[in-house]
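Undergrad:
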Amino acid sequence: MRGAVICPDPEVAARFDEAVAEIPAIQIIRELRRYPDALELMRMIRSSVPHVVFLSLDDLARALELLEVLKSQAPGIQVAALSRTLDPAALLEAMRAGIRECLAMPFDRGELAEAASRISSAVRDLPALLEVTEHVYAFLPSKQGVGTSTVAMNTAIALGRRKMGEVLLLDMDLSSGIIGFMLKLSNAHCIVDAAENAHSLDESIWDQIVCKKAGIDIVHTGRLNPDFRIDAQQIRYILDFARRNYKTVCVDISGNLEKYSIEVMHEAKTIFMVVTSEIPSLHLAREKLGFLQRLDLADRVKILLNRHHKKSLVSPSQIEGLLGVPIAFTFQNDYQGVHAALQDGRAVEPNSELGKQFQILADSILGLKEEDAGTAPQKKRVAEFFSILPPRVPATGGGRR
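Given below as structure tokens:
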């Protein structure tokens, strides 16, 4: 059971730390030696997700203010009071406010173990309700080199422009991640650090890992590190942290279908598969659709046709026939615009045709209507495609389950 301690009294905090260290059922993951304000308190709760907060009654008024914040914004998180002595008046106030466990120095181990057992039962009966986002989007290339990182990065920045909540862009293409290069990011910390600290992520660690640019937070892949491996549990910890702290999370993954990439797709609300009109891209897209069908993930896939131009040998309708699903959106080929953006370390110009197309996709993710977003006529087309996507993709190698 995870616990956090808020205790300005150094002696009480030290004695409690000594006592709780002998209680295996409780793991203290965060300690504050002061009373935080409401914003800092909820940041700590979202990042650490304690089951119980051990709250000092040293300043009863401040403690009860924090208790009200927890009751309103994180219902289900248990609160136990800490004190030098069990002052009857303070104890009565705390109990009236809803605190059911009150612990005082010298913190008897037996009493602490009994309190831990009661708190654990309360946690099982009433789990904490913390707001988490469902808006996690994976960007999957049909093959390497189709421009998936460009699409993911520009879509994430377009999401940030709407200022409808914090946006995170995670580059999890561990074999050839390029977003750090595209945006000229210089932070020495990267997704490797996030993975290595996944079990203990908090805002202090996270602030060192993320880069802030163009109104969004970004975690890049760092230097090429072919020996590094990331497991499914680390992915879940990272995404759990991101869901609690961001409104929208965009994840750029590789097309190699590693276990961690599959884990990301299982966590994603939508998988945007990026294709071009080239035959190798379409062949591998069809293969991957069949594979995702067997994983029961095909119903989450939306096809994004990138680098389209009128002289393409394969038309959009032919692509849809080949893949068996509609194209959700088409991005025009704008080599010069993308090249200029790369040189400057930025997104493509938002007022260019390609920039407007990225914004329309972002607005569709946010669920904005044309009158809300001021989007172009293509807005209706992308909404129609999203609504008519069939629930299952015809499998190409194993039939329906």
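Everything in the sequence shown is counted per the numbering used here, starting at 24 for the first residue and increasing by one.
Glycine is no exception: its CB is placed at the ideal position from the N, C-alpha and C atoms.
Note that the structure is a prediction, hence the values are computed from the model and not measured.
According to DSSP, V298 sits in a beta bridge with which residue or residues?
TA: Along the sequence shown, one-based indexing puts residue 298 at 275. Paired residue(s): L328.
Undergrad: Using 10 angstroms around the beta-carbon of T271, count the other beta-carbons present and answer buried if the total reaches 16, otherwise exposed.
TA: Translated into positions along the sequence shown, residue 271 becomes position 248. It is buried - the Cβ of T271 has at least 16 other Cβ atoms within 10 Å.
Undergrad: Assuming M205 contacts V287 (C-beta within less than 8 Å), just tell me the rounded distance between them.
TA: Numbered from its first residue, the sequence shown carries residue 205 at position 182. Numbered from its first residue, the sequence shown carries residue 287 at position 264. Not a contact, Cβ separation roughly 20 Å.
Undergrad: Our contact map puts V297 next to V174 with C-beta atoms below 8 Å; I'd like the distance itself, whole angstroms only.
TA: Locating residue 297 in the sequence shown gives position 274, where the first residue counts as 1. Locating residue 174 in the sequence shown gives position 151, where the first residue counts as 1. The pair is a contact, with the Cβ atoms about 5 Å apart (cut-off 8 Å).
Undergrad: Short of 8 Å in beta carbon distance, which residues of its chain neighbour Q50, apart from the five on each side in sequence? Order them along the chain.
TA: As a first step, residue 50 is located in the sequence shown; it is residue number 27 there, counting from the start. If we look at Q50 and ignore the five residues flanking it on each side, its Cβ neighbours are M24, R25 and G26.
Undergrad: Looking only at its own chain, which residues have a Cβ that is under 7 Å from the Cβ of R38, when we skip the five neighbours before and after it?
TA: For this step, residue 38 is matched to residue 15 along the sequence shown. M128, P129 and F130.
Undergrad: With DSSP as the reference, identify every bridge partner of Y160, one or two as the case may be.
TA: Taking the sequence shown and counting its residues from 1, one reaches residue 160 at position 137. C273 and T293.
Undergrad: Is the stretch 174 to 192 close to the stretch 338 to 348, with three or more CB pairs under 8 Å?
TA: The stretch 174 to 192, when compared against the stretch 338 to 348, does not touch it at the 8 Å Cβ threshold.
Undergrad: Is S199 helix, strand or coil when you go by DSSP?
TA: Sequence index remark: in the sequence shown, residue 199 carries index 176 (1-based). Note: S199 maps to coil in three-state DSSP.
Undergrad: Please return the same chain residues whose Cβ sits closer than 6 Å to the Cβ of F264, not counting the five positions on each side in sequence.
TA: Within the sequence shown, the letter at position 241 stands for residue 264. The answer, listed in chain order, is L224.
Undergrad: Taking all protein chains shown into account, do 16 or more other C-beta atoms lie within 10 angstroms of the C-beta of A112, making it buried, or fewer, making it exposed?
TA: Indexing the sequence shown from 1 puts residue 112 at position 89. That one is exposed.
Undergrad: Is L427 helix, strand or coil when you go by DSSP?
TA: The requested residue 427 does not occur in the structure, where the chain is confined to residues 24 to 424.
Undergrad: Just confirm the distance between the C-beta atoms of L135 and A42, as a whole number of angstroms; I'd bet it's less than 8 Å.
TA: Taking the first residue of the sequence shown as 1, we reach residue 135 at position 112. Taking the first residue of the sequence shown as 1, we reach residue 42 at position 19. About 6 Å; that satisfies the 8 Å criterion.
Undergrad: So, with DSSP's three-state summary, where would you put R69?
TA: One-based indexing of the sequence shown puts residue 69 at position 46. Correct three-state label for R69: helix.
Undergrad: Take A218 and list the residues in its own chain whose beta-carbon comes closer than 6 Å to its own, dropping the five residues that flank it on each side.
TA: Sequence index remark: in the sequence shown, residue 218 carries index 195 (1-based). I253 and Q257.
Undergrad: Quick one: Cα of I411 to Cα of A351, how far?
TA: Translated into positions along the sequence shown, residue 411 becomes position 388. Translated into positions along the sequence shown, residue 351 becomes position 328. Note that I411 has pLDDT 32, beneath the 50 cutoff, so the model's placement of it is unreliable and the number below is only indicative. When rounded, the distance between both Cα atoms is 9 Å.
Undergrad: Hey, out of R85, I201, P33 and S172, whose CA is closest to R246's CA?
TA: Taking the first residue of the sequence shown as position 1, residue 246 is located at position 223. Selected option, being the one with the closest Cα: I201.
Undergrad: Could you tell me which residues DSSP pairs with C234 in its beta bridges?
TA: Taking the first residue of the sequence shown as position 1, residue 234 is located at position 211. According to DSSP, C234 bridges with I241.
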